[in-house]
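So the protein lines, in turn, are chains A and B. Taken in order, the first sequence gives residues 43 to 225; the numbers are from the numbering used here. Taken in order, the second sequence gives residues 126 to 703; the numbers are from the numbering used here. Yeah, the Cβ is synthetic: ideal placement off N, Cα and C, and Gly gets one too. Since we're looking at a predicted model, the values are computed, not measured. Accompanying notes for the structure given below.
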Amino acid sequence: MASNRTGTLVAPRGRWWFPLGKDEKLWFAMAAIWAVTMFAMIFLIWPAVGDNQQTFGGYRVDETEFALLTQQFIEEHGTGENLFGVPVVAPPPGSDVYMLATRYQFRPVVQLQRGETYRFLFSSNDVQHGFSLQPDNINLQVIPGYVLAVEMTPEKTGEYEIVCNEYCGIGHHLMLGRIRVVD
Amino acid sequence: MEALRAGSWRCQVTGLYVDHSAEQLIKFNAVTAVLYLAAGGLMAILVALTRWEAIHILDDAEWFYRLVGAHGTAMLLFWILFFEVAGLYFGGIVLLNARMMAPAAGWAGYILMLAGSLGMMVTMLTGRATVMFTAYPPLEASQWFYLSYILFAVGALIAVVVFLVNVVGARVRGEVQTLPLFTFAMLAAAIIALFSLISGATAIVPLWLKSIDAIDYVDPGIYRLLYWGLGHGAQQINLAAMVGIWYALATITVGTKPINEGLSRFAFVLYIFFIQMAAMHHLLVDPGLGRWVRTINASYFIYAAVLGSMIHAFTIPASVELAQRTKGYSRGLFEWLKRAPWGEPGFSALVLSFVMFGVMGGISGVIIGGPQLNMLAHNTLTVPAHFHMTVVSGTTLAFMGITYYLVPLIFRREVFQPKIARAQPWVYGAGMFIFGIGMGFAGHLEGVPRRHFDIDFAGLPMANGVFDNARVDLFLATMGIGATLAFIGGAMYVIVAAGTVFLGRRSEAPDIGRVDPEAFAVPAVSGASGEAEPEAHRDLNQFEAPGTFAIATAFLTLFVLLYAYSWFELSHVSWVIR
Chain A
43 MASNRTGTLV APRGRWWFPL GKDEKLWFAM AAIWAVTMFA MIFLIWPAVG
93 DNQQTFGGYR VDETEFALLT QQFIEEHGTG ENLFGVPVVA PPPGSDVYML
143 ATRYQFRPVV QLQRGETYRF LFSSNDVQHG FSLQPDNINL QVIPGYVLAV
193 EMTPEKTGEY EIVCNEYCGI GHHLMLGRIR VVD
Chain B
126 MEALRAGSWR CQVTGLYVDH SAEQLIKFNA VTAVLYLAAG GLMAILVALT
176 RWEAIHILDD AEWFYRLVGA HGTAMLLFWI LFFEVAGLYF GGIVLLNARM
226 MAPAAGWAGY ILMLAGSLGM MVTMLTGRAT VMFTAYPPLE ASQWFYLSYI
276 LFAVGALIAV VVFLVNVVGA RVRGEVQTLP LFTFAMLAAA IIALFSLISG
326 ATAIVPLWLK SIDAIDYVDP GIYRLLYWGL GHGAQQINLA AMVGIWYALA
376 TITVGTKPIN EGLSRFAFVL YIFFIQMAAM HHLLVDPGLG RWVRTINASY
426 FIYAAVLGSM IHAFTIPASV ELAQRTKGYS RGLFEWLKRA PWGEPGFSAL
476 VLSFVMFGVM GGISGVIIGG PQLNMLAHNT LTVPAHFHMT VVSGTTLAFM
526 GITYYLVPLI FRREVFQPKI ARAQPWVYGA GMFIFGIGMG FAGHLEGVPR
576 RHFDIDFAGL PMANGVFDNA RVDLFLATMG IGATLAFIGG AMYVIVAAGT
626 VFLGRRSEAP DIGRVDPEAF AVPAVSGASG EAEPEAHRDL NQFEAPGTFA
676 IATAFLTLFV LLYAYSWFEL SHVSWVIR
């Protein structure tokens, strides 16, 4: 089974373009089919059957304006309660929920009704932050100057912690938030 | 050949003529690389032992964040790129038996890379650039940090251009027709480096301009887009270089010849064309990017690049199998593998690098790189788990493996403590495997964030005990234990490499273990001869590498199962997100 193939550290001699053997053809076909399948999954199949589509909206916004809008939101729908110093807000179902990521908290604390859909609007008034909802492990990037618009529907009641997972400064590991889902 | 002999020496082991300028540049870049690996390794163990909650060795948050940034920079940028530049000079000049063109430019590149890297390290370690190496605005660092970043990138760009000039020069002079596959891999790496580094410049230069008050504002969203044009392209550089080294190690230790040169080269071309697009998978949960751009980018293009990797995933073990079967190890499906030279550090590094890269790094990367699934992974420890499997287990182990051959040959010294060298890939590989499991589970199953000093949140009640459970403790401890073992493995490597360079006995023909005699055979005539060589009879209707086919199919099956399971997990999230 001699071969005039050459090693990888040596320049190949003569004609080195050979037809593919059976192994290579079959493997390449399998790999190509898998690649197309994965593409179909994210492009066709999951959008048709799945619940989490990630079809977020995005807007540009002025940072101070977003902070003001968040403050208005807190005043309009605040319950008067504070959770560890952060105002609690109970927005009506179907409404816009402003959440400001700022050094070093997510404000406000939000109380939602199970099964209802809310349009969350995320932004920051200082640096980039990472919205990480636990324990369901939902992670979004929050960028000052931009609003990330996400429709969210909680299906279970409980307390959900928000953790920051984009490094934002010396207090990054003290940055927290909360979402509460009630019946 | 006379002019060549004047400026070079002939290696008695490989027969290659080594140009003096290339030799010096290879030496300086390689030694600098290993020094940064050592520094980065010290930082690594401090960071890992802090994230291991039970130990939490650093109690100063500021130092922790400085070290996370400096560790990433020293490893991902400096260890990797200085080593790759050494590889470029080796593959583009020494392997081609050529005289080096523009050595002064090569030195200019090195000086800039050195100055830039030192500038970045100093600013990061003195707290003037606690921004991580991603440096996302609006976080701000000192102007010297950004300037150093730019200098480093420019230096690397110069080295890449010098490589390209040399390869093109050798071609134009007719000294080479078809490049050796290893050099072709380096060429793919260099081309990707060209547009990655330029993309990086478009991101970092505005940050520098803002830091000297020349401009007012850098858009943070656009920065991320441009930066990751550098960022993931840069990873594909490492991938192309690593695959080239895999081919080289296979040839050196087992005498492999590629099962199909054309197919392997085609796979590298796929990398060049399609990786730049895939940078989008860092931005899948960012505001402002539409569904189409994310879907096409993260999939059609990345899957074309993934197809390239799938090709190499087959051709490399298949070539090993073919070479082994030719030697007579033909019994059953796997005798070729059982009788392979596992004791040679080049072979063990090849296999460990290959398996961890492909199974742990590759599969996880494709999964978390999809638009919907990314939401469960973004900025959790899942992301560094993925890239510690690709770059730190894959690329780094391959680099370590090739060191055991190229360093003794280039420096003309005997390997220092070869027994340590033989054990090293196993110790390091085992450590990284354990590390990857720990970090991956902490991020994927528990949502533990990356770049985070204290998941106890200093006991703040708002935390509600979010990560306060035994599973998190277990996974982070696993990560810490793996890191400790990997640190030992890394130290073993540094000891052998530095020991060889500074203490190894000088020799014109150093002993580099069992090496295939034809590995470095210098052809009498490079490239195309007048007549076509008669093709040896190959039955293309038979499976030539059935053992590899079985392994590859098992891998693909695992891929499919893990992929499907990930979607199942997404469907069980108790929120509907649109």
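Under 9 Å between C-beta atoms, does Arg416 (chain B) make it to chain A?
yes
Pull up the distance between the alpha-carbon of Ala199 (chain B) and that of Ala164 (chain B), whole angstroms please.
The C-alpha of Ala164 (chain B) is placed about 7 Å away from the C-alpha of Ala199 (chain B).
Since Glu158 (chain A) meets chain B, which of its residues come closer than 8 Å, beta carbon to beta carbon?
Per Cβ cutoff of 8 Å: no residues; Glu158 (chain A) is ~11 Å from chain B at best.
Using 8 Å for Cβ pairs, my map puts Gly356 (chain B) next to Ala404 (chain B). What's the rounded Cβ distance?
6 Å
In the segment 170-205 of chain A, which residue ranges form an unbroken beta strand (DSSP E) of at least 3 residues, counting only runs that do not cross its ends?
Those beta strand (DSSP E) runs which fall completely within the segment 170-205 of chain A and span 3+ residues are 171-176, 180-184 and 188-196.
Does the separation of the CB atoms of Gly99 (chain A) and Asp344 (chain B) fall below 9 Å?
no
Going by alpha carbons, who is nearest to Gly607 (chain B) out of B:Met557, B:Ala634 and B:Met225?
Considering only alpha carbons, the answer is B:Met557.
Can you list, in chain order, the residues of the segment 173-186 of chain A whose Cβ is nearer than 7 Å to any Cβ on chain B?
Ser174, Gln176, Pro177, Asp178, Asn179, Ile180, Asn181, Leu182, Gln183, Ile185 and Pro186
Using only the alpha-carbon positions, how far apart do Phe215 (chain B) and Thr682 (chain B) sit?
Their Cα atoms are separated by approximately 38 Å.
With Val189 (chain A) and Val103 (chain A) assumed to form a contact (beta carbons below 8 Å), what rounded beta-carbon distance in angstroms separates them?
5 Å
Output needed for Gly457 (chain B): all residues of its chain with C-beta closer than 7 Å, excluding positions within five of it in sequence on either side, in chain order.
none
Evaluate the contact criterion for the segment 458-478 of chain B versus the segment 522-530 of chain B: three or more CB pairs, one atom per stretch, below 8 Å.
The segment 458-478 of chain B vs the segment 522-530 of chain B: in contact.
So, with DSSP's three-state summary, where would you put Phe164 (chain A)?
strand
Thr195 (chain A) versus chain B: which residues are under 7 Å apart at the beta carbon?
Result: Trp700 and Val701.
Could I get the ranges of all uninterrupted alpha helix (DSSP H) runs contained in the segment 152-216 of chain B, with 4 residues as the minimum, in chain order?
Fully enclosed alpha helix (DSSP H) runs of 4 or longer: 186-197 and 205-214.
Would you mind telling me which residues of chain A sit closer than 9 Å to Phe582 (chain B), beta carbon to beta carbon, in chain order?
Val205, His215, Leu216, Met217 and Leu218
Verify whether the separation of the beta carbon atoms of Ile283 (chain B) and Leu237 (chain B) is less than 9 Å.
With respect to the 9 Å criterion, Ile283 (chain B) and Leu237 (chain B) are classified as neighbours on the basis of their beta carbons.
So, at 8 Å on beta carbons, what are the nonlocal neighbours of Glu660 (chain B) in its own chain, with the 5 sequence-adjacent residues on each side left out?
Only weak support exists for where Glu660 (chain B) lies, its pLDDT of 42 falling under 50; the value from the coordinates is given anyway. Closer than 8 Å at Cβ, skipping near neighbours: no residue.
Which bits of chain B does Pro54 (chain A) rub up against, with CB to CB less than 7 Å?
Think of a sphere of 7 Å around the beta carbon of Pro54 (chain A): the chain B residues whose beta carbon falls inside it are Thr303 and Glu386, in chain order.
Counting only the same chain and skipping the five closest in sequence on each side, list residues whose C-beta sits under 6 Å from that of Glu469 (chain B).
Apart from the 5 residues on each side of it in sequence, Glu469 (chain B) sits with its Cβ closer than 6 Å to the Cβ of Thr378, Gly638 and Arg639 in its chain, given in chain order.
Among residues of its own chain, excluding the 5 on either side of His511 (chain B), which ones have a beta-carbon nearer than 7 Å to its beta-carbon?
Gly486, Ser489, Gly490 and Ile493
Do you know offhand how far Phe627 (chain B)'s Cα is from Ala548 (chain B)'s?
21 Å
For Leu239 (chain B), which residues of its own chain have a beta-carbon under 7 Å away from its beta-carbon, when the five flanking residues on both sides are left out?
Thr157
Shorter than 8 Å, the distance from the beta carbon of Met481 (chain B) to the closest heavy atom of the ligand NAP, or not?
Summarising the ligand content, the structure contains no ligands, and the ligand NAP is consequently not present.
Residues of chain A with a CB under 8 Å from the CB of Asn122 (chain B): which are they?
It is not possible to answer for residue 122 (chain B), since the shown part of chain B is limited to 126 through 703.
Go ahead and pull the three-state DSSP assignment for Val152 (chain A).
Val152 (chain A) falls in the strand class under three-state DSSP.
Give the single residue among B:Ile340, B:Tyr161 and B:Ala169 whose Cα lies nearest to the Cα of Leu202 (chain B).
B:Tyr161
For Leu350 (chain B), I'd like the list of residues in its chain whose CB is within less than 6 Å of its CB, leaving aside the five on either flank, ordered along the chain.
none
Name the one or two DSSP bridge partners that Gln147 (chain A) has.
A:Thr144 and A:Leu218
Roughly how many angstroms separate the alpha carbons of Thr420 (chain B) and Val621 (chain B), rounded to a whole number?
46 Å
Looking only at C-alpha atoms, which of B:Phe541, B:Val540 and B:Ile535 sits nearest to Asp133 (chain B)?
Here the sequence assigns Ser to residue 133 (chain B), which means Asp is not the residue at that position. Of the candidates B:Phe541, B:Val540 and B:Ile535, the one whose C-alpha sits nearest the C-alpha of Ser133 (chain B) is B:Ile535.
Quick one: is Gln183 (chain A) buried, meaning 16 or more other Cβ sit within 10 Å of its Cβ, or exposed?
buried
Using a Cβ cut-off of 9 Å (strictly closer), state whether Ala132 (chain A) contacts chain B.
No - not a single Cβ of chain B is within 9 Å of the one on Ala132 (chain A).
So which of B:Leu192, B:Ala675, B:Asn594 and B:Ile702 has the shortest CA-CA distance to Phe578 (chain B)?
B:Leu192
Can you find the residues in the same chain that come closer than 7 Å, C-beta to C-beta, to Ala147 (chain B), ignoring five residues on each side of it along the sequence?
For Ala147 (chain B), where only same-chain residues beyond five positions count, the Cβ hits under 7 Å are Tyr214, Ile218, Val219 and Met225.
Going by alpha carbons, who is nearest to Asn179 (chain A) out of A:Tyr202, A:His119, A:Thr195 and A:Gln113?
Looking at the Cα atoms, A:Tyr202 is the closest of the given residues.
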